[in-house]
Structure formats: C-alpha cells, structure tokens
Amino acid sequence: MIPPSLLEPLLASGVIIVYPDYRMLDPSTIYDQLEDVEALFTYFATFEFSSSLPTGVSVDLDRVGLIGFSAGSLFTVPNGDHDLVDNDTKAVLPEREAAYLETAEFLVKHLTF
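Spelled out as structure tokens, the structure:
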C-alpha cells in the first residue's frame, strides 16, 4: 500500500496508479509472479487497454515509474527494464533499504539456480 504521504502528491500531479493482482501463495513460484507483472506491462501496450480508459484519459508509456512495497519491491527492479518503455524507465523505487534485504532473503529461499 502506498503511504498517504506519497500517494497524495502523486495523485495531485496526475499520476495513474495501478496495483497488479499477481499470484502470491503456493503453489505459485517467483517465476509465476514475475510473469503476472510482466503480463500487466504487456497489456498496457494493447489497444484493449487504451480503449478501456475513460474519455480524455491517456497514459504516456514513455513516463512509467515503478514503486514496490514489501513483496512488490521484488518486482520493481526486473520489470524496470521491460520493453514497454524501450528500456528507458524513468523511476524504479523499491521500498527503502529494508526491501533489499527482504528481496535477497526471498530470492535465496525461493529461487533455484
């Protein structure tokens, strides 16, 4: 959840916020979760997405930023390089330094190399 101190200025500046509904529990794996988030980015580039927006609303795909909190911080870095934005993401912000530790622990526990 985005803290109100961050949410309010984002909304005031015209930012559109999307929360992906990715699989989190067993039997899902980290690969399933990354696939779900990638599918969201792929969907953003479709006519189906752009035509579903309210009249007068558009999304500038050249101005995509990512913020991840808790488990979501794991997905900000790998998806910050998604082809949707021609590898030119404007901002990638995992939740503070604790997220890096959580991410590292999660990777060690759930990935097989």
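Taking full-length UniProt numbering, the leading residue of the sequence shown gets 1, the next gets one more, and so forth.
Ideal Cβ placement from N, Cα and C applies to all residues, glycine included.
Less than 8 Å divides the Cβ of residue 36 from the Cβ of residue 20. In this structure, DSSP gives residue 67 an extended state, which the three-state scheme calls strand.
Around the CB of residue 64, 16 or more other CB atoms lie within 10 Å, so the residue is classed as buried. CA-to-CA, the gap between residue 34 and residue 23 works out to about 9 Å. Following the DSSP letters along the chain, one finds residue 12 inside the alpha helix (DSSP H) bounded by residues 4-12.
Residues of the same chain with a CB within less than 6 Å of the CB of residue 17, apart from the 5 flanking positions on each side, do not exist.
Between residue 60 and the set 48, 44, 52, the nearest pair of CA atoms involves 44. For residue 42, the three-state secondary structure derived from DSSP is helix.
In the structure shown, residue 19 falls within a coil segment according to DSSP collapsed to helix, strand and coil.
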